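Enquirer: Can you keep this structure in mind? I'll have questions shortly.
Residue numbers (the working numbering), protein chains in the order written: chain D, 21 to 350; chain X, 21 to 350.
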């Protein structure tokens, strides 16, 4: 059995960025070290609520995108005089839900804060094919150098919002919320969770730090459903939810008997979901939150919603991307 | 007309990371500042060739993914004893091309370097549904905390490799290479370009710094095709290619007359492509590189390849993701 000790050294602190050096030493005496950056948001990571809470994440996302694309410099932009001025229109070539205005703006305005961007729509708006989204005016080199990075954010985040909106519309009129997962594109967790909101979806936990989701291994390790729920309530502060995943009606019964207040029904059939809802609504005056997950598509999501579950979580909202077709016309 | 002056201050230098503060001041006196990180690779950014050149990028990608997922700590993992040992098998539920072994390994081994991972396949291998990919053994908390981040990399990068491979197979037997673009997921440029290689594709320029691609705006600004090509050759060092995008046979003729050695035929019809190939092969003893792009799908890529072009660039390789279905079974 190996135990691990972590030594964390803060290497750099700015008002916005902390750079840590982490050294871990296991009980065999083997050590390993690495560095990581984190972004300070009111002193701690907190639940994603509004775009203005994301400003630090946006800055990091954009700096990384510009750095990997521009690197030591945009060679082709040198063909354009450094004092030339340009204006351009962003058009969408298909129906979509817009998301990513702040990331798009930041790409241009990080290179030159004087770049003017006038939006005719905003995040969360439904847009039509051939619709003009915004006008960008500024230094020609800045516009040419930032164009691809800005569009890469907009086409990807709008893809997530659009995909989410299709699920939200498919369950319209039921009580079920469409919920995301941790199956996200690495490095873009916050951005994608924000895009899910723009599409009308609801965020599940942001990460492993702001919610407890008990699965099979945790149940086995703690010695059963009742002890694992008891231990979870000891660990969780008042703002942390405790959810338990069950794979059968018998497991659900055991979880409810042990006082579960939030259950995840994984890969249940429609009949099992209906029975689970009936069984669960009798408890806590109907206050137990019921979530369904597993192999849910646009084809079957309405049937799942009509079983009466409260939430439906769907990995494809954030793990599958079909980029929205955008163009920047000078 | 606004000109911009950049002031770059290096805030931090480690053997692997440089943190810069950039202040730009435009000619109106307005200033703006931001910070960005870059990763040192032999002192400069260089063309992507082999996986071992990516080790720094992998470390940054993984640190970011673990930080956004684990944050202040994995609450649920606290339900498992800190000295428990687990082993798990990664299985693929569908046919795919594998990519992302190093990112996957790094997620576990960043948390604990003693984690053992035995792979039965490697990057670039074709895998079948239900195939076992690897076995992971180590501390239970480490396995549970790194699982999602590791799978997020593997499912996304394997998606890119698999999608690329389908295009490569569709043009098998022709002379056309399948080439990527800069339409990538922000923050994952290098990782996705590596995945394209694993699928049998060829990388176009990595960013704006290692190739010149002349488009309409650059031609207009420089006063025509001949002056823009002349100026490009002055800017480009010997290891930087100069490619010019043309939108008609007349523009192609002008580019060839001005000595172009690499042309991008954007949105040409099949007939136009055939004529362009015939016209171009007469020049430079057939040494001009001909690339086609624009609205190329799995349905029409073979017809495009059979026109005789050398390269076909496709944005969807990296901008559209259909995550490969993987599971980790304990």
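We treat Cβ as the ideally placed atom computed from N, Cα and C, and that holds for glycine.
For clarity, every value in this text was computed on a predicted model and none was experimentally measured.
What three-state label does DSSP hand residue 65(D) in the structure shown?
Expert: At residue 65(D) the pLDDT is 31, less than 50, meaning the model places this residue with poor confidence and gives no usable figure here.
Enquirer: For residue 195(X), tell me which candidate among 332(X), 227(X), 348(X), 92(X) has the shortest Cα-Cα distance.
Expert: Out of 332(X), 227(X), 348(X), 92(X), 332(X) has the C-alpha closest to the C-alpha of residue 195(X).
Enquirer: Does any CB atom of chain D fall closer than 8 Å to the CB of residue 205(X)?
Expert: Cβ-Cβ to chain D under 8 Å: yes for residue 205(X).
Enquirer: In the region 88 to 111 of chain D, which residues sit with their C-beta less than 8 Å from some C-beta in chain X, listed in chain order?
Expert: Residues 88, 89, 90, 91, 92, 93, 94, 95, 96, 97, 98, 99, 100, 101, 102, 103, 104, 105, 106.
Enquirer: Measuring CA to CA, which of 230(D), 223(D), 121(D) is closest to residue 176(D)?
Expert: Among 230(D), 223(D), 121(D), the Cα nearest to that of residue 176(D) is on 121(D).
Enquirer: Going along chain X, which residues have a C-beta under 8 Å from residue 256(D)?
Expert: In chain order: 95.
Enquirer: Cβ of residue 166(X) within 8 Å of Cβ of residue 127(X)?
Expert: Yes; because the gap between Cβ atoms is below 8 Å, this pair is in contact.
Enquirer: Using only the alpha-carbon positions, how far apart do residue 193(D) and residue 114(D) sit?
Expert: Answer to the nearest angstrom: the Cα atoms are 26 Å apart.
Enquirer: Given a limit of 9 Å on CB to CB distance, which residues of the region 290 to 310 of chain D reach chain X?
Expert: Residues passing the 9 Å Cβ filter: none.
Enquirer: Which residues in the same chain have their Cβ closer than 8 Å to the Cβ of residue 209(D), if we skip the five residues on either side of it in sequence?
Expert: Cβ within range, chain order: 202, 226, 227.
Enquirer: In whole angstroms, give me the CA-to-CA distance for residue 337(X) and residue 183(X).
Expert: Cα-Cα distance, rounded: 6 Å.
Enquirer: Please name the residues in the region 214 to 237 of chain D whose beta-carbon is closer than 7 Å to at least one beta-carbon of chain X, in chain order.
Expert: Answer in chain order: 227, 228, 229, 232, 233, 234, 237.
Enquirer: My guess is that residue 223(D) and residue 259(D) are in contact by the Cβ rule of under 8 Å, so how many angstroms apart are they, rounded?
Expert: That belief does not hold up - the Cβ atoms of residue 223(D) and residue 259(D) are roughly 14 Å apart, past 8 Å.
Enquirer: Which whole-angstrom value describes the C-beta separation of residue 215(D) and residue 318(D), a residue pair presumed to lie in contact below a C-beta threshold of 8 Å?
Expert: Between residue 318(D) and residue 215(D) the Cβ distance is about 18 Å, and since that is not below 8 Å, they are no contact.
Enquirer: Output, in chain order, the set of chain X residues within a Cβ distance shorter than 8 Å of residue 343(D).
Expert: What residue 343(D) touches in chain X: 203, 335, 336, 339, 340.
Enquirer: Could you give the distance in angstroms between the alpha-carbon of residue 239(X) and the alpha-carbon of residue 268(X)?
Expert: Whole-angstrom Cα-Cα distance: 14 Å.
Enquirer: Which residue's Cα is closest to the Cα of residue 129(X): 78(X), 153(X), 233(X), 312(X)?
Expert: If we check each option's Cα against that of residue 129(X), 78(X) comes out closest.
Enquirer: Beta-carbon of residue 275(D) versus every beta-carbon of chain X: anything under 8 Å?
Expert: So no, residue 275(D) is outside the interface.
Enquirer: Whose Cβ in chain D lies nearer than 7 Å to the Cβ of residue 164(X)?
Expert: Those within 7 Å of residue 164(X) in chain D are 237.
Enquirer: Using a Cβ cut-off of 7 Å, pull out every chain D residue sitting near residue 251(X), in sequence order please.
Expert: Simply 99.
Enquirer: Indicate whether at least one CB of chain D lies closer than 8 Å to the CB of residue 181(X).
Expert: Judged by the 8 Å Cβ criterion, residue 181(X) is not in contact with chain D.
Enquirer: To which residues of the same chain is residue 8(X) closer than 8 Å at the C-beta, ignoring the five residues directly before and after it?
Expert: Nothing in the structure corresponds to residue 8(X), since chain X is present only between 21 and 350.
Enquirer: What number of angstroms, rounded off, separates the C-alpha of residue 124(D) from the C-alpha of residue 174(D)?
Expert: So the two alpha carbons sit approximately 6 Å from each other.
Enquirer: Where does the unbroken alpha helix (DSSP H) through residue 125(D) begin, and where does it stop?
Expert: Residues 121 to 131.
Enquirer: Using beta carbons (cut-off 8 Å, strictly below), is residue 168(D) in contact with chain X?
Expert: Yes, its Cβ sits closer than 8 Å to a Cβ of chain X.
Enquirer: Can you list the residues of chain X that residue 320(D) reaches, using a CB-CB cut of under 7 Å?
Expert: Under the 7 Å cutoff, chain X gives no residues; its nearest Cβ is about 17 Å from residue 320(D).
Enquirer: Count the C-beta pairs between the region 144 to 155 of chain D and the region 84 to 95 of chain D that are closer than 8 Å, then say yes if the count reaches three, no if not.
Expert: Too few Cβ pairs lie closer than 8 Å, so no.
Enquirer: In the structure shown, what three-state DSSP assignment does residue 323(D) receive?
Expert: The answer is helix: DSSP assigns residue 323(D) an H, G or I state.
Enquirer: Under 8 Å, Cβ to Cβ, is there at least one residue of chain X near residue 187(D)?
Expert: Not closer than 8 Å to any Cβ of chain X, the Cβ of residue 187(D) fails to qualify, so no.
Enquirer: Distance, Cα to Cα, residue 76(X) vs residue 84(D)?
Expert: Whole-angstrom Cα-Cα distance: 14 Å.
Enquirer: Please check if any C-beta of chain D sits within less than 8 Å of the C-beta of residue 288(X).
Expert: Answer no: the Cβ-Cβ gap between residue 288(X) and chain D never drops below 8 Å.
Enquirer: Leaving out five residues on either side along the sequence, give the residues of the same chain with a beta carbon under 7 Å from the beta carbon of residue 343(X).
Expert: Excluding residues within five positions, the ones whose Cβ falls inside 7 Å are 175, 176, 179.
Enquirer: From this set, 235(X), 256(X), 217(X), 252(X), which residue's C-alpha is nearest residue 272(X)'s C-alpha?
Expert: For the residues 235(X), 256(X), 217(X), 252(X), the minimum Cα distance to residue 272(X) belongs to 235(X).
Enquirer: With DSSP run on the structure shown, which of helix, strand or coil describes residue 261(D)?
Expert: Residue state, collapsed to three classes: strand.
Enquirer: Would you call the CB atoms of residue 310(D) and residue 285(D) closer than 8 Å?
Expert: Yes, these two residues count as a Cβ contact at 8 Å.
Enquirer: For a cutoff of 8 Å on Cβ pairs, would you count residue 261(D) as touching chain X?
Expert: It does not; no Cβ of chain X falls within 8 Å.
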